[in-house]
Ligand SMILES: [Zn+2]
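This is the structure we're talking about:
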């Protein structure tokens, strides 16, 4: 069993998704993952609470599975 923790929406602070690891990675193919959407600006998830577009960055997890984590531009202080 992998360690998991909850990641909060960077806009409203409410629950966004359950991550697999300390790096906030979510497994794109896991049934419990949030629905990842794509538009001309890239990948994102839509927050269920505030409806904000939360940018996500694709990563390859250990074992070669598809994963995503929060894009860095929104976790840096402004
Ligand atoms: Zn939100």
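Residue numbers (the working numbering): 383 to 460. Ideal Cβ placement from N, Cα and C applies to all residues, glycine included. Small disclaimer: the values here were computed from a predicted structure and weren't measured.
Asked                                                                                                       : Found
Which class does residue 434 belong to by DSSP, given the choice of helix, strand or coil?                  : coil
Which of the three DSSP states is assigned to residue 419 in this structure?                                : strand
Return yes when the Cβ of residue 417 is within less than 8 Å of the Cβ of residue 426, no when it is not.  : no
Using CA atoms only, rank isn't needed, just tell me which of 411, 391, 424, 388 is closest to residue 442. : 411
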